[in-house]
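Enquirer: Residue 46 in the numbering used here sits at position 37 of the sequence shown, and the numbers go up by one each step. The structure is given below, and queries will be raised subsequently.
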Amino acid sequence: MFADLFTLDNFTTFLVLTALETVLGFDNLLYISIEAKKVDPARAAMVRRWGIILAIVLRIVLLFVVLHLIALFDEPFFEIALPFFSGAVSGHSLIVLVGGVFLIYTATKEIFHMIGVDDLEHDTNRPVRRSVAVALVWIVVMNLVFSFDTVLSAVALTDHFIVMTAAIVVSGALMVLMADTVASFLNKNRMYEVLGLFVLLLVGFMLMSEGGHIAHLTFFGFPVEPMAKTTFYFVLVTLVAVEIVQSRYQKRLLAERALKNKTGA
Numbered sequence: 010m011f012a013d014l015f016t017l018d019n020f021t022t023f024l025v026l027t028a029l030e031t032v033l034g035f036d037n038l039l040y041i042s043i044e045a046k047k048v049d050p051a052r053a054a055m056v057r058r059w060g061i062i063l064a065i066v067l068r069i070v071l072l073f074v075v076l077h078l079i080a081l082f083d084e085p086f087f088e089i090a091l092p093f094f095s096g097a098v099s100g101h102s103l104i105v106l107v108g109g110v111f112l113i114y115t116a117t118k119e120i121f122h123m124i125g126v127d128d129l130e131h132d133t134n135r136p137v138r139r140s141v142a143v144a145l146v147w148i149v150v151m152n153l154v155f156s157f158d159t160v161l162s163a164v165a166l167t168d169h170f171i172v173m174t175a176a177i178v179v180s181g182a183l184m185v186l187m188a189d190t191v192a193s194f195l196n197k198n199r200m201y202e203v204l205g206l207f208v209l210l211l212v213g214f215m216l217m218s219e220g221g222h223i224a225h226l227t228f229f230g231f232p233v234e235p236m237a238k239t240t241f242y243f244v245l246v247t248l249v250a251v252e253i254v255q256s257r258y259q260k261r262l263l264a265e266r267a268l269k270n271k272t273g274a
């Protein structure tokens, strides 16, 4: 079985899949980092690690299930036919749609919380911290959404289970290595936490459009079209570029103001 991994074609597919799983898994890692902040700070690192480990296990289980039951996931289990609205909802489309709605809700709630608090470092209005178990449950639930399309992409690229599993494990190991770095970066650079929330908001809208397309939803005769991946990455790169330029410009203004105050004194 492992011999299949070392043929040239399969090894190339393994590298492509590993890169794909790592890139597509970044939004998952971002969500895990934000969710881990809601527990006791002493346990946040443990939540991140266990969240990623559970993500790896869930992806392998989901891969096995999809390989055997892929037809059932894409088979509509109810249809809607109204004069102004129609669609055929399947298990796949429902998971993606619900995941998109939840991400939009989570990101919007966190953004409004951040702009409504006077002192983020001593926030007394934040709800009681979540338990580790509750945080891990939410991570697993959202992992199901994030994992579904990456698993389907893997199935589309190869039919070798060992190649797909190896790519998932390696990309998961890379996520474990990056988890603390991402969390530390967000803690030290709070302005980028807002950027991260807007990225999750963007992912939520992308999932909703994709889920609507899979369900063949139409409104007044107009079908829901999925957000193109090129559009998603263009907006993402633009958001990051604007945030980097703005943060550097802000630091320069603060430095000039500090120098002016010093010379004025």
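We treat Cβ as the ideally placed atom computed from N, Cα and C, and that holds for glycine. This one's a predicted model, so the numbers in the text were calculated from it and none came from an experiment.
1) Tell me which same chain residues have a C-beta within less than 6 Å of the C-beta of Leu209, skipping the five on either side of it?
2) Go ahead and pull the three-state DSSP assignment for Phe23.
3) Quick one: using the 10 Å Cβ neighbour count with 16 as the cut-off for buried, is Thr272 buried or exposed?
4) Excluding sequence positions up to five away, which residues of its chain have a Cβ less than 8 Å from the Cβ of His131?
5) Give me the Cβ distance between Asp36 and Val212, rounded to the nearest whole Å; I'm assuming they're in contact under 8 Å.
6) By DSSP's criteria, Phe94 is part of a beta bridge. Which residues make up the other side?
7) Would Ile223 and Ser102 be called neighbours here (beta carbons separated by less than 9 Å)?
8) Figure out for me which residue from Thr21, Ile41, Leu17 has the closest Cα to the Cα of Val191.
9) Residues in the same chain with beta-carbon distance under 7 Å from Arg139, minus the five sequence neighbours each way, listed in chain order, please.
10) Under the three-state reduction of DSSP, which class applies to Glu88: helix, strand or coil?
11) Does the Cβ of Glu276 have 16 or more other Cβ atoms within 10 Å, making it buried, or fewer, making it exposed?
12) How far does the alpha helix (DSSP H) with Ala237 in it extend, from its first residue to its last?
13) Near Thr27, which residues of its chain fall below 6 Å by C-beta distance, leaving aside the five closest residues on each side in sequence?
14) Residues in its own chain within less than 6 Å of Val105 by CB, not counting five upstream and five downstream?
15) What ranges does the alpha helix (DSSP H) occupy inside the stretch 25–77, keeping only unbroken runs of at least 4 residues that lie completely in it?
16) Rounded to whole angstroms, how far is the Cβ of Ala45 from the Cβ of Ala53, which I believe are closer than 8 Å?
17) Measure the alpha-carbon distance for Glu265 versus Phe121 and round it to whole angstroms.
18) Taking Cβ positions, are Val56 and Ile124 nearer each other than 9 Å?
19) For Ser140, which of helix, strand or coil comes out of DSSP?
20) Whole-angstrom Cβ separation of Phe214 and Leu248, contact assumed at under 8 Å?
21) Inspect the beta-carbon positions of Leu183 and Thr31 and report whether they are closer than 9 Å.
22) Identify the residues that DSSP records as bridge partners of Ser102: which are they?
23) For Val70, count neighbouring C-beta atoms within 10 Å of its own C-beta (all shown protein chains included) and say buried if the count is 16 or more, exposed if not.
24) Could you check if Asn270 is buried or exposed, using at least 16 other CB atoms within 10 Å of its CB as the buried criterion?
Expert: Put simply:
1) Within the same chain, and ignoring the five residues on either side of Leu209 in sequence, the residues whose Cβ sits closer than 6 Å to its Cβ are Leu112, Ala116.
2) Collapsing the DSSP output to three states places Phe23 in a helix.
3) Thr272 comes out exposed.
4) Reliability fails at His131, whose pLDDT of 49 lies under 50, so the model's placement of it is uncertain and no value is given.
5) Cβ-Cβ separation between Asp36 and Val212: approximately 5 Å, consistent with a contact (criterion under 8 Å).
6) Beta-bridge analysis with DSSP links Phe94 to Phe228.
7) Their beta carbons are under 9 Å apart, which means Ile223 touches Ser102 by this criterion.
8) Of the candidates Thr21, Ile41, Leu17, the one whose C-alpha sits nearest the C-alpha of Val191 is Ile41.
9) Excluding five sequence positions before and after Arg139, the CB atoms of its chain that fall closer than 7 Å to its own CB belong to Lys47, Val48, given in chain order.
10) Three-state result, Glu88: strand.
11) Because the chain in this structure spans residues 10 to 274, residue 276 falls outside the shown range and cannot be described.
12) From DSSP, Ala237 is part of no alpha helix (DSSP H); its letter is neither H nor E.
13) In its chain, beyond the 5 residues on either side, Ala176, Val179, Ser180 have a beta carbon closer than 6 Å to the beta carbon of Thr27.
14) Cβ within range, chain order: Leu216, Glu219, Gly220.
15) Taking 4 residues as the shortest admissible run, the stretch 25–77 contains the following complete alpha helix (DSSP H) segments, listed from N- to C-terminal end: 35–45.
16) The beta-carbon distance between Ala45 and Ala53, rounded to whole angstroms, is 4 Å. This is short enough to meet the 8 Å contact definition.
17) Straight-line Cα distance between these residues: approximately 31 Å.
18) Result no, Cβ atoms of Val56 and Ile124 do not sit closer than 9 Å.
19) Residue state, collapsed to three classes: coil.
20) Rounded, the Cβ-Cβ distance is 13 Å, inconsistent with contact.
21) Their beta carbons are under 9 Å apart, which means Leu183 touches Thr31 by this criterion.
22) Answer is none; Ser102 lacks a bridge partner.
23) Burial call: exposed.
24) It is exposed - the Cβ of Asn270 has fewer than 16 other Cβ atoms within 10 Å.
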